[in-house]
DNA sequence: CGTTAACCGATGATCGATCATCGCTCAAGG
DNA sequence: CCTTGAGCGATGATCGATCATCGGTTAACG
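Chains as they are written, first to last, in my numbering: chain A, -19 to 202; chain U, -19 to 202.
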């Protein structure tokens, strides 16, 4: 499963595209979310480069990106480490996320009223995934629900800021590493959808509380 | 003033430190804030590298950092451009900043009560700078005031998120490029300090409104 | 045996060169 | 004259090699 060389032999049929550093970043993200590297472990640029059949440069760039996502720690002249996923760190994400999404809901209250059908769609898929025992699906649609809200705000500063929290990845890591439960069932989202539908001025606040409710879930939280 | 070579001849006395890419980033930030490159203009990696006497690599890394700060735009295989500073973009920063700082104030309401003296210090310096006609000082201390609040929250997700907004730089750019006025006088901050001192539950909300008030300042905003 | 400093392998940082892609130019074809 | 595509210069992307730094190892010294 590893050792997947990224060399492009010959003319490389088709649209090719995608800088190597992007592909490397995706692979590293994948490895991280699967626990290929555990927290505290070192990531050696040259080793990864050789393994992927690329040079040090794109690996280095990819690691810089992961640093921006707070997934790894880079120390000048020392190297790269996988950051610990502690319940404390996880707990610090929720307040920020809550504040940002509340703002989004307040900015987008008008647009959201027209998009409740999309939100309901996500809710339904979430529900279906839950019944099918599809954890991955639950996470994906759950995050999509929230991303929809943030995108609806149409604020080009807000969206990248929210994306930088990488909710989906953190949720996955939390599930596997901290063995948290997934309580994020569809029914929790229905009151929110209703609030958006009637453009309830309190919808933002409801959303914020909804998110802070996630914070109580981790089993690991003492 | 340009053409400052970064070569390190000989044993380089002293602590040396600081990767070249960091120095380059600082220089580029400086150039950007001074208008060395105007919005829409192209930044060519090799040209900058030669000018600074370094190779393409550290320049490239520095540009990636600037991209994360939303100061430039990078298009794969196309190059780097300085992003426009439009009143619209600027106006989108304030709501996000407001939401984040409100959260900070609410998280830190206890710690802030013990730090009102620091806040007052910044207010005083702001005031002094204003009287001295020292615009730069006003900006610096004004931002420091707000950073103090965000730091007091002690949330390791919140702080980097707030820093990524690069308030100080945007304020400077706004002053020079959009010719906005600086209404951010010290007296505006005094009610905030008082609210923090008495741990007013509404302090966060006050701070948020205070920040949104900045948004009305730009002359350029139609 | 504990302390200190030169030594050295591993690895991040940087370099100079090469590869690949983008846009533009310009001439052939209609 | 307009369209089309080969040719080409500029420049980003990637590479392989080299430089510099960090940390652990070793050996002289007391």
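All C-beta atoms in this analysis are idealised placements derived from N, C-alpha and C, irrespective of residue type, glycine included.
Presumed contact (8 Å Cβ cut-off) between residue i and residue j, rounded CB distance
{"i": "residue 56 (chain A)", "j": "residue 38 (chain U)", "result": "So it is not a contact: roughly 12 Å between Cβ atoms."}
{"i": "residue 187 (chain U)", "j": "residue 82 (chain U)", "result": "6 Å"}
{"i": "residue 128 (chain A)", "j": "residue 102 (chain A)", "result": "7 Å"}
{"i": "residue 154 (chain A)", "j": "residue 160 (chain A)", "result": "5 Å"}
{"i": "residue 135 (chain U)", "j": "residue 141 (chain A)", "result": "14 Å between Cβ atoms; not a contact."}
{"i": "residue 15 (chain U)", "j": "residue 156 (chain U)", "result": "6 Å"}
Residue j beta carbon less than 8 Å from that of residue i
{"i": "residue 76 (chain U)", "j": "residue 145 (chain U)", "result": "yes"}
{"i": "residue 96 (chain U)", "j": "residue 176 (chain U)", "result": "yes"}
{"i": "residue 63 (chain U)", "j": "residue 51 (chain U)", "result": "yes"}
{"i": "residue 54 (chain A)", "j": "residue 43 (chain A)", "result": "yes"}
{"i": "residue 104 (chain A)", "j": "residue 118 (chain A)", "result": "no"}
{"i": "residue 59 (chain A)", "j": "residue 22 (chain A)", "result": "yes"}
{"i": "residue 34 (chain U)", "j": "residue 4 (chain U)", "result": "yes"}
{"i": "residue 84 (chain U)", "j": "residue 29 (chain U)", "result": "no"}
Residue-level contact to chain A via CB, residue i, 8 Å cutoff
{"i": "residue 185 (chain U)", "result": "no"}
{"i": "residue 130 (chain U)", "result": "no"}
{"i": "residue 48 (chain U)", "result": "yes"}
{"i": "residue 65 (chain U)", "result": "no"}
{"i": "residue 52 (chain U)", "result": "no"}
{"i": "residue -1 (chain U)", "result": "yes"}
{"i": "residue 76 (chain U)", "result": "yes"}
{"i": "residue 112 (chain U)", "result": "no"}
{"i": "residue 192 (chain U)", "result": "no"}
{"i": "residue 224 (chain U)", "result": "Lying outside -19 to 202, the shown extent of chain U, residue 224 (chain U) is not represented and no answer is given."}
{"i": "residue 69 (chain U)", "result": "yes"}
Proximity to residue i [Cα-Cα], best of the options
{"i": "residue 17 (chain U)", "options": "U:65, U:98, U:1", "result": "U:65"}
{"i": "residue 70 (chain A)", "options": "A:108, A:176, A:147", "result": "A:147"}
{"i": "residue 26 (chain A)", "options": "A:15, A:91, A:162, A:41", "result": "A:41"}
{"i": "residue 194 (chain A)", "options": "A:130, A:123, A:138", "result": "A:123"}
{"i": "residue 191 (chain U)", "options": "U:117, U:125, U:48, U:134", "result": "U:125"}
{"i": "residue 92 (chain A)", "options": "A:174, A:45, A:152", "result": "A:174"}
{"i": "residue 204 (chain A)", "options": "A:86, A:14, A:8", "result": "In the structure as shown, chain A starts at -19 and stops at 202, and residue 204 (chain A) therefore has no counterpart that could be examined."}
{"i": "residue 49 (chain A)", "options": "A:156, A:149, A:185", "result": "A:149"}
{"i": "residue 151 (chain A)", "options": "A:185, A:107, A:180, A:116", "result": "A:116"}
{"i": "residue 138 (chain A)", "options": "A:12, A:2, A:88", "result": "A:88"}
{"i": "residue 112 (chain U)", "options": "U:165, U:13, U:135, U:169", "result": "U:165"}
{"i": "residue 99 (chain U)", "options": "U:178, U:84, U:121, U:90", "result": "U:121"}
{"i": "residue 180 (chain A)", "options": "A:90, A:8, A:67", "result": "A:90"}
{"i": "residue 94 (chain A)", "options": "A:47, A:178, A:1, A:170", "result": "A:178"}
{"i": "residue 196 (chain U)", "options": "U:169, U:68, U:1", "result": "U:68"}
{"i": "residue 36 (chain U)", "options": "U:1, U:143, U:189", "result": "U:1"}
{"i": "residue 163 (chain A)", "options": "A:46, A:107, A:185, A:12", "result": "A:107"}
CB contact below 8 Å: residue i versus chain U
{"i": "residue 6 (chain A)", "result": "no"}
{"i": "residue 148 (chain A)", "result": "no"}
{"i": "residue 123 (chain A)", "result": "no"}
{"i": "residue 31 (chain A)", "result": "no"}
{"i": "residue 83 (chain A)", "result": "yes"}
{"i": "residue 41 (chain A)", "result": "yes"}
{"i": "residue 138 (chain A)", "result": "yes"}
{"i": "residue 72 (chain A)", "result": "yes"}
{"i": "residue 189 (chain A)", "result": "no"}
{"i": "residue 80 (chain A)", "result": "yes"}
{"i": "residue 87 (chain A)", "result": "yes"}
{"i": "residue 19 (chain A)", "result": "no"}
{"i": "residue 27 (chain A)", "result": "no"}
{"i": "residue 165 (chain A)", "result": "no"}
{"i": "residue 56 (chain A)", "result": "yes"}
{"i": "residue -19 (chain A)", "result": "Any reading at residue -19 (chain A) must be qualified, since the residue scores a pLDDT of 37, below 50, and its modelled position is unreliable; no value is offered."}
Span of the beta strand (DSSP E) around residue i
{"i": "residue 55 (chain A)", "result": "52 to 55"}
{"i": "residue 61 (chain A)", "result": "59 to 62"}
Bounding residues of the alpha helix (DSSP H) (the contiguous stretch that carries residue i)
{"i": "residue 103 (chain A)", "result": "96 to 111"}
{"i": "residue 121 (chain A)", "result": "115 to 132"}
{"i": "residue 17 (chain U)", "result": "Premise fails: residue 17 (chain U) is in no alpha helix (DSSP H) and is neither H nor E."}
{"i": "residue 39 (chain A)", "result": "36 to 48"}
{"i": "residue 28 (chain U)", "result": "25 to 32"}
{"i": "residue 181 (chain U)", "result": "It is not in any alpha helix (DSSP H) - residue 181 (chain U) carries neither H nor E in the DSSP assignment."}
{"i": "residue 145 (chain A)", "result": "Per DSSP, residue 145 (chain A) belongs to no alpha helix (DSSP H) and is neither H nor E."}
{"i": "residue 171 (chain A)", "result": "166 to 177"}
{"i": "residue 83 (chain A)", "result": "67 to 87"}
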